[in-house]
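Worksheet: one structure, shown below.
Residue numbers (mature numbering (1 follows the signal peptide of the UniProt record, and there is no 0)): -26 to -1, 1 to 317.
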């Protein structure tokens, strides 16, 4: 643990050997469950009876005016849990710009002001009771559920807040959009998640936007033979031409990060299973999407998730497991007074 305002670093993440991936993935679910000790449904029932209602009211009011917040909170939750566990370390500020939120994968995160608004409302109602880590988990569920006006999954609560945040850990632990299948599976396995979770949670890309610089290498001069029209053969050609048109700036400047494209054209604000329909048609935006079809087991799961009912059932289970990663409970961690600084 560190004193207020001090951010620490860790070394690089070690990768699981490819030969052990299947074993690690199979063991993962048990690991995630073991991490969940101390979490339960309705944790604040006695200490702050209206906690979840207050959080939902604030989030729904803000999402009503900005539907893009659902994708932003879902991504925030994912990025928080994959670095040091679901401990709200992604919310911490650093005086030297070396916290998780300062790492490149997190520079496009948004919605911190809404998290602060929820925290302020909860502090007024129940001072020092509800953690910022639980607020992040609730905001993800409530923002996505706004579309349906009902909870799409159950959120176990009882997390406590971490006191360490490192930009290097974020760089090491957050899967890159250029990741291959083996790297993705190793990453998920290291967090106690399995193959099913990897495929199902990728379905979160059914909402939100993608920055052209993160996938333009698939669109222009893919094989490095100085042919601008050379595209990744894993892409559906009409879809590739659509992306080329949207990302034309990146032909001249591959690092330009100002141009964005909906990840699910036509329904980027609707949380549904359309991601898997797109993926099956070879319209996965990122390499990390397309690579799910390169493994037979993953491809079989993609096929099953084209059924909406199967997807929604699977998603609520996988995101529940994700919300158990590395949680601090009991006497561990703290309940921050303000979400962006440690007490």
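Yeah, the Cβ is synthetic: ideal placement off N, Cα and C, and Gly gets one too.
Small disclaimer: the values here were computed from a predicted structure and weren't measured.
Residue from the options whose Cα sits closest to the Cα of residue i
| i | options | result |
| --- | --- | --- |
| residue 252 | 243, 276 and 230 | 276 |
| residue 265 | 208, 15 and 225 | 208 |
| residue 339 | 101, 41, 233 and 76 | Any property of residue 339 remains undetermined from this structure, which presents the chain solely from -26 to 317. |
| residue 217 | 240, 232, 242 and 189 | 189 |
| residue 90 | 62, 14 and 231 | 62 |
| residue 185 | 169, 140, 195 and 228 | 228 |
| residue 103 | 155, 172, 66 and 17 | 17 |
| residue 28 | 241, 99 and 74 | 99 |
| residue 120 | 35, 24 and 235 | 35 |
| residue 225 | 248, 244, 241 and 187 | 187 |
| residue 318 | 268, 316, 283 and 194 | Since the first residue shown for the chain is -26 and the last is 317, residue 318 is missing from the structure and cannot be characterised. |
Cross-strand partners of residue i (DSSP beta bridge)
| i | result |
| --- | --- |
| residue 256 | In DSSP, residue 256 forms no bridge with anything. |
| residue 302 | 134 |
| residue 185 | 234 |
| residue 308 | 135 |
| residue 14 | 131 |
| residue 315 | 312 |
Whole-angstrom C-beta distance between residue j and residue i, which should lie under 8 Å
| i | j | result |
| --- | --- | --- |
| residue 180 | residue 287 | No, residue 180 and residue 287 are not in contact; Cβ-Cβ is about 16 Å, not under 8 Å. |
| residue 127 | residue 14 | 15 Å between Cβ atoms; not a contact. |
| residue 178 | residue 48 | 5 Å |
| residue 56 | residue 148 | 5 Å |
| residue 140 | residue 74 | 7 Å |
Cα-Cα separation, residue i to residue j
| i | j | result |
| --- | --- | --- |
| residue 314 | residue 138 | 11 Å |
| residue 203 | residue 174 | 32 Å |
| residue 37 | residue 30 | 10 Å |
| residue 303 | residue 230 | 42 Å |
| residue 4 | residue 213 | Below a pLDDT of 50, predicted positions are generally treated as unreliable, and residue 4, at 45, falls in that range; the measurement from the model is reported next regardless. Roughly 39 Å between the two C-alpha positions. |
| residue 43 | residue 94 | 19 Å |
Distance CB(residue i)-CB(residue j) smaller than 7 Å
| i | j | result |
| --- | --- | --- |
| residue 135 | residue 271 | no |
| residue 299 | residue 22 | no |
| residue 58 | residue 171 | no |
| residue 133 | residue 108 | yes |
| residue 144 | residue 45 | no |
| residue 25 | residue 297 | no |
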